[in-house]
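Numbering (this note's numbering), first residue to last: 64 to 535. The beta carbon of each residue, even a glycine, is placed where N, CA and C say it ideally should be.
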Amino acid sequence: MEKYNYGVIGLGVMGRNLLYNIADNGFSTAGFDLDEEKVRELHNGATPGTSVTGTASLEDFVSALESPRKIILMVPAGKPVDAVLESIIPLLSPKDIVIDAGNSYFKDTERRIADLASKNLHFMGMGVSGGEQGARRGPSIMPGGDLEAFKLIQPMLELISAKVNGEACTAYMGKGSAGNYVKMVHNGIEYAIMQLISEAYDLLRKGAKLSTDQLYEVFKKWNEGEMNSFLIEITRDIFKQKDDLTDGFLVDQILDRAGAKGTGKWTSEQAMEIGVSIPTIDIAVTSRILSAYKDERIKASQLYIKEEVATPENIELFIKEVGDALYLATLISYAQGLALLVKASEEYKFDIPLKDVVKIWRGGCIIRSVLLEKFYTAYTENPNLSNILLNREISEIVKSKVKPLRNTASFAVSNGIPSLGIQSALGYFDAYSTDTLPVNLIQAQRDYFGAHTYQRIDQEGIFHTLWNTENI
Ligand code: 6PG
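The following block contains the structure:
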């Protein structure tokens, strides 16, 4: 009986598209799903001439695969992954590889790696970004885990992933659950950029009073230059989409309450846990939470009536500055996410190659942008850069955009336009680039009321002072 090269469990849109992509690249593939309908229909979407089969049971699926088996899971993160593992593990043989391609929490992946290793099986966490189309035509793929197991699937991953300048948007992301971790941070950055774009949109419609047609033109222009990116591109297209039910544009009919599946929150939690400052990502997560208070926001808006937003004197200049502000705040969001990866790599001994991370984010994924090309150059020069803001070339870009970022932030503040993301990016930049912060005072306060001690600037050692405690 013919044995198949790869197996995919979970034939939802993402799983099915990934399977077809693998098959299009010359590998025979078998698919399984608990939903029999999805198994039956699998064949219909396959490219003629490719080798694709749907299997009726997990037993059939496992026995259809060549050894060592290479099984990709594309099921929702959490319990479904454990449920699949529980039923499949008894059917597997030593050295088989199970690759989780969902947005799993990295600590779950660590647990599963240990569990499968105790049974002489490999478990790998692999981030996949690019949505449904990406899965089908070329995603960015972030695998991590056992290096030997990775090498067995590497040629396939390089074929199915997106390409930039002939280079595949996939690379080994490091040990253990590094693949899931890198994908989690990717999503954190995704949250930040989406927040910033939405704030730029708000400034343009409320400040420059642009119509949706004009917004389309602005984003179109932005996407043609240094701001070229997937998220700017789809935003441009969103401003073109007419509504089926009314005369206007669809975007104007969508309720302003943002959903979230949790990867952004995990990124923020992680940064707090290991002590990394990523305020723009934190703000993006919390802004989605705040957006859900729709009823309260309506009441508060009636209680605190805002003054009319001033119209900038020079609209052209205002639009340009909002663009520059968005560009720099986006750059700062990447900087925060990448700094988190640097610390996590040390903390969890992942050995994440930062240069490869930015290389494979240049194409296929949701946060792809031409800016990443500059980061790639920076990390090629110095793979151990602790923060991208410290690179000289990047610093030149930053310096050229700080003024517009300040002007945009101050326009938003003085006109009461919510701009948590823009303010936080600027605030992070100002704090990060300040040699003397006022936290000496915090240390004094801590020592005053709690004898928490402090260090001095002129001598080594730990000090405590008997402050004047009459007030306590
Ligand atoms: C990707 C996306 C993908 C998904 C997010 C959305 O890289 O392809 O990030 O993973 O769209 O889960 O997350 P929220 O639902 O939390 O916005």
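- Within its own chain, the residues whose Cβ lies closer than 7 Å to the Cβ of Trp-329, once the five positions on either side in sequence are excluded, are Tyr-168, Met-247, listed in chain order.
- Pairing Trp-285 with Gly-386 gives a Cβ-Cβ distance under 9 Å.
- Distance between Tyr-367 and Tyr-356, taken at the CA atoms: about 16 Å.
- Taking every protein chain shown into account, the CB of Asn-243 has 16 or more other CB atoms within 10 angstroms, so this residue is buried.
- Pairing Ser-274 with Ala-494 gives a Cβ-Cβ distance that is not under 9 Å.
- Residue burial annotation: Asp-98 is exposed, with fewer than 16 other C-beta atoms found within 10 angstroms of its C-beta.
- DSSP places Met-257 inside the alpha helix (DSSP H), whose first and last residues are 241 to 269.
- Sixteen is the threshold: when 16 or more other Cβ atoms of the shown chains lie within 10 Å of the Cβ of Ile-423, as they do, the residue is buried.
- For Asp-414, no beta strand (DSSP E) run applies, since DSSP gives it neither H nor E.
- Asn-447 counts as exposed, since fewer than 16 other C-beta atoms from the protein chains shown sit within 10 angstroms of its C-beta.
- Ala-140 is a Cβ neighbour of Asn-166, given a cutoff of 9 Å.
- In the three-state reduction of the DSSP assignment, Ala-231 falls in the strand class.
- Sorting Phe-95, Ile-256, Leu-184, Asp-145 by C-alpha distance to the C-alpha of Ser-396 places Ile-256 at the top.
- For Asp-163, the enclosing beta strand (DSSP E) has its first and last residue at 160 to 163.
- Given a length threshold of 4 residues, each whole run of the alpha helix (DSSP H) inside the stretch 430 to 513 is given here in chain order: 434 to 444, 455 to 477, 483 to 495, 502 to 513.
- Taken through DSSP and simplified to helix, strand or coil, Met-77 comes out as helix.
- Distances between the C-beta of Tyr-254 and the heavy atoms of the ligand 6PG include at least one below 8 Å.
- Scanning Met-290, Leu-278, Ile-317 for the CA closest to the CA of Lys-303 turns up Leu-278.
- Taking every protein chain shown into account, the CB of Asn-84 has 16 or more other CB atoms within 10 angstroms, so this residue is buried.
- In the DSSP assignment, Phe-124 falls within the unbroken alpha helix (DSSP H) covering 121 to 126.
- Taking a C-beta distance under 9 Å as the contact criterion, Arg-132 and Asp-159 qualify as a contact pair.
- Around the beta carbon of Gln-258, 16 or more other beta carbons sit within 10 angstroms, so the residue counts as buried.
- Shown here for Gln-506: same chain residues with a beta carbon closer than 6 Å to its own, the five before and five after excluded, namely Tyr-517 in chain order.
- Bounds of the alpha helix (DSSP H) holding Ser-350 are 342 to 354.
- For Val-144, the enclosing alpha helix (DSSP H) begins and ends at 142 to 151.
- The stretch 337 to 353 makes contact with the stretch 483 to 497: 3 or more CB pairs, one atom from each, lie closer than 8 Å.
- With respect to Leu-389, Ile-260 sits close: the two C-beta atoms are nearer than 9 Å.
- Our two residues, Glu-280 and Arg-299, have alpha carbons roughly 8 Å apart in a direct line.
- Here Tyr-69 has Ile-85, Phe-90, Thr-92, Lys-133 as same chain residues with Cβ atoms under 6 Å from its own Cβ, once five neighbours each way along the sequence are excluded.
- Less than 9 Å separates the beta-carbon of Ser-482 from that of Leu-266.
- For Ile-520, no alpha helix (DSSP H) segment is defined, and its DSSP state is neither H nor E.
- Residue burial annotation: Asp-319 is exposed, with fewer than 16 other C-beta atoms found within 10 angstroms of its C-beta.
- Rounded to whole angstroms, Leu-155 and Gly-94 show a C-alpha spacing of 16 Å.
- Looking at the DSSP output, Ile-204 bridges to Val-191, Thr-233.
- A residue is called buried once 16 or more other Cβ atoms fall within 10 Å of its Cβ, and Gly-208 is buried on that count.
- Checking the 8 Å criterion, the Cβ of Val-421 is out of range of every heavy atom belonging to the ligand 6PG.
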